[in-house]
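Chemist: Starting off with a structure, shown below.
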Amino acid sequence: MAQLLAEPTGTAFLHDDASWWRQAVVYQIYPRSFADANGDGTGDLAGICARVDYLAGLGIDAVWLSPFYPSALADGGYDVADYRDVDPRIGTLDDFDALVAALHARGIRVIVDIVPNHTSNLHAWFQEALAAGRGSAARERYIFRDGTGPDGSLPPTDWVSMFGGPAWERVPDGQWYLHNFAVEQPDLNWANPEVRADFVTTLRFWADRGVDGFRIDVAHMLTKDLSEPLPSTAQLALIPKDGNHPLVDRDDVQEVYAEWREVFNSYDPPRTAVAEAWVNPARVPLYASPTSLGQAFNFDLLLADFDAGQFRDIITASLDLAARSGSSSTWVLSNHDVVRHATRYALSSPRTGGQHPDATPASAASAWLRSRGADPALDRERGERRARAATLLMLGLPGSAYLYQGEELGLHEVAEIPDEQRQDPTFFRTGGAEIGRDGCRVPLPWTPGGTSFGFGPGGAHLPQPAWFTDHAVALEDRDPDSTLSLYRRALALRHALRADERLTWIETGREDVLRFARPGGWEVVTNFGTQDYPLEPTADVVVSSSEFTGTLAGESTVWIAPEGPS
Ligand code: GLC
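Numbering-wise, my numbering comes out as the position in the sequence shown, counting from 1, plus 719.
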């Protein structure tokens, strides 16, 4: 656990504790949409720097910065043109150093996003590959193949990209390259030692600048077996995902992470990493193992309905999985790829059917948006009430919690973005059939009025709805019942729950009420139903997701403090 010590100068610094990440609260910043200092409508590092007191006041342990690297923004920055620089619209390396120093001075660690499956098509390597032509060493850094059909004008396979449309794109000399995501995101060839060496250089570059950890984008897709003949989509579907699948979750990707682990462990304290790996649950421990990345995202809660049975099963299974790898569990309810949880929980009918194990956050988001399309009568108040309850439950769990900017304000997904202002490639590559992820990436409201609700002096790169006024930081800051106040209170109390990572279920006699005990006698109780649940009169409720009147109201969570010495 990170410990904040006071230096004689009165500033704070971070104690070197190698296991700080185990129960950390990590706040995800999507830099383009957090705060804009220079007024160009895009958030920047200076904007974040100006808000470090807000972050410190929230009580988080770390900040995870989504990509801020030079990018044409074909996929919101996940199309990286240079892994070792800052996009000029977002700042400079000096700004980055200043931000790290400002966060560290407040006891907040810094995690950056590494995107190793693909580069941008504007990356120097890809430009070189295009110019160098077929058979060149430059093309060997990517996955180029000749086409099929008499004149090679058909793609090598019928594979479909994650964002819709074909996964192969033809270049002027007739060859095709693989892109599992957008056309502008050519997949790298991880069988090439030069690719491997370059990412080690990148990891060291940021670790040397004081970065504490890394979030690894689509960590399960780097290595591929592309020996001929390549299978068709139908054939791929029949191959078990047991470590030998040609495209996903191959055992040999762990060789990459074993090398990275040596890099992480060469620092003091060791740098941390968390895998974004959409794999069969039984294989998550491979990524979360201390010899691999050390921690893996667990998206099960994010995919669940607001339902006691689902939550209990997921929590039990996740703690068990984490224990098997020696890692701690992670919990996520919202991120930049999915519909905000306040909106998911506002749907009148719960999501039905299981999520495909390969689902990416993008496809999960689209699924939610589609159901929302069929369900115009969102109950926004109910969504917020349930979101507060789910968050308070999540923050009471052992393990580390990942929060997404704006959820602490109770923000809903922004549905009202005109087609012509949408940015997400999923929207364009599906011809608008999938709405995409822009609705959770709208710049934050800091003030109830003014230019772009205080986001910056020059407008916002995605349109902000009028209802943002009710969620402005400046208003919630003064309101003891606001979602922001709830997050602050829970995060301040959470330190007491981190003494160890045990959780013990307590039977409640109701299927829709979950209750568990944490170390030292702390308890968390969530009522997923709509009927009140009476608590014993002696219960010392110290934080509640909705007004507490001696009985636990429907769709609410409370934390109960240990009994005092009396
Ligand atoms: C991850 C990111 C997502 C991005 C994709 C391709 O799923 O979270 O935003 O579009 O990878 O890099």
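Note that the Cβ used here is the ideal one computed from N, Cα and C, for glycine as well.
In chain order, what residues of the same chain have a beta carbon less than 7 angstroms from the beta carbon of T811, not counting five sequence neighbours either side?
Modeler: V805.
Chemist: Let me confirm a value: W1165 is counted as buried when at least 16 other C-beta atoms fall within 10 Å, else exposed. Which label applies?
Modeler: W1165 should be labelled buried.
Chemist: According to DSSP, is D906 helix, strand or coil?
Modeler: It is a strand residue.
Chemist: Cβ of R1031 versus every heavy atom of the ligand GLC: is any distance shorter than 8 angstroms?
Modeler: Incorrect: R1031 has no Cβ contact closer than 8 angstroms to the ligand GLC.
Chemist: Among residues of its own chain, excluding the 5 on either side of A1218, which ones have a beta-carbon nearer than 7 angstroms to its beta-carbon?
Modeler: Taken in chain order, the residues that qualify are P1238 and G1239.
Chemist: If we ignore side chains and look at the alpha-carbon of each, how far apart do L1271 and E1226 end up?
Modeler: Distance between the alpha carbons of L1271 and E1226 is about 16 angstroms.
Chemist: Using the beta-carbon count (16 or more within 10 Å), is R741 buried or exposed?
Modeler: Counting Cβ neighbours within 10 Å, R741 comes out buried, since at least 16 surround it.
Chemist: Considering only residues of the same chain and omitting the five flanking positions on each side of H1075, which have a CB-CB separation below 7 angstroms?
Modeler: Caution is warranted here: a pLDDT of 37 is assigned to H1075, below 50, making its placement in the model unreliable, and the coordinate value is therefore given only provisionally. Around H1075: no qualifying Cβ.
Chemist: When you compare only the Cα positions, how much space is there between S738 and Y1006?
Modeler: Between S738 and Y1006, the C-alpha separation is close to 17 angstroms.
Chemist: Rounded to the nearest angstrom, what separates S872 and P1009 at their Cα positions?
Modeler: Using only the alpha carbons, I get a separation of about 46 angstroms.
Chemist: Quick check: does the Cβ of G795 come within less than 8 angstroms of any heavy atom belonging to the ligand GLC?
Modeler: Under cutoff, so the answer is yes.
Chemist: Between T921 and I833, which are expected to be in contact by the criterion C-beta below 8 angstroms, what is the C-beta distance as a whole number of angstroms?
Modeler: Going by Cβ atoms, the distance from T921 to I833 rounds to 7 angstroms, so yes, they are a contact pair.
Chemist: So is the beta-carbon of Q747 under 8 angstroms away from any non-hydrogen atom of the ligand GLC?
Modeler: No, the ligand GLC has no heavy atom inside 8 angstroms of this Cβ.
Chemist: Please determine whether the Cβ atom of E1153 lies at a distance below 8 angstroms from any heavy atom of the ligand GLC.
Modeler: No, Cβ of E1153 sits at least 8 angstroms from all heavy atoms of the ligand GLC.
Chemist: Just reading off the alpha helix (DSSP H) that R1099 is part of, what are its end residues?
Modeler: Here the alpha helix (DSSP H) through R1099 covers R1099 to L1114.
Chemist: From this set, L1122, E913 and V1057, which residue's C-alpha is nearest A781's C-alpha?
Modeler: Taking only the C-alpha atoms, the option nearest A781 is L1122.
Chemist: When burial is assigned at 16 or more other CB atoms within 10 Å of the CB, is G796 buried or exposed?
Modeler: G796 comes out buried.
Chemist: Quick test of your reading: F787 and P835, contact by CB under 8 angstroms. State the CB separation rounded to the nearest angstrom.
Modeler: Not confirmed; about 16 angstroms, so no contact.
Chemist: Whole-angstrom Cβ separation of E1153 and V1058, contact assumed at under 8 angstroms?
Modeler: About 12 angstroms; that fails the 8 angstroms criterion.
Chemist: Could you check whether the region 1271-1281 touches the region 1247-1256, counting it as contact only if at least three pairs of C-beta atoms, one from each stretch, sit closer than 8 angstroms?
Modeler: The answer is yes - the region 1247-1256 touches the region 1271-1281, with three or more Cβ pairs under 8 angstroms.
Chemist: Which of helix, strand or coil does DSSP assign to W1165?
Modeler: Coil at W1165, not helix or strand.
Chemist: Look at the Cβ atom of L1021, then the Cβ atom of T1110, and state whether they are nearer than 9 angstroms.
Modeler: The answer is no: Cβ separation not under 9 angstroms.
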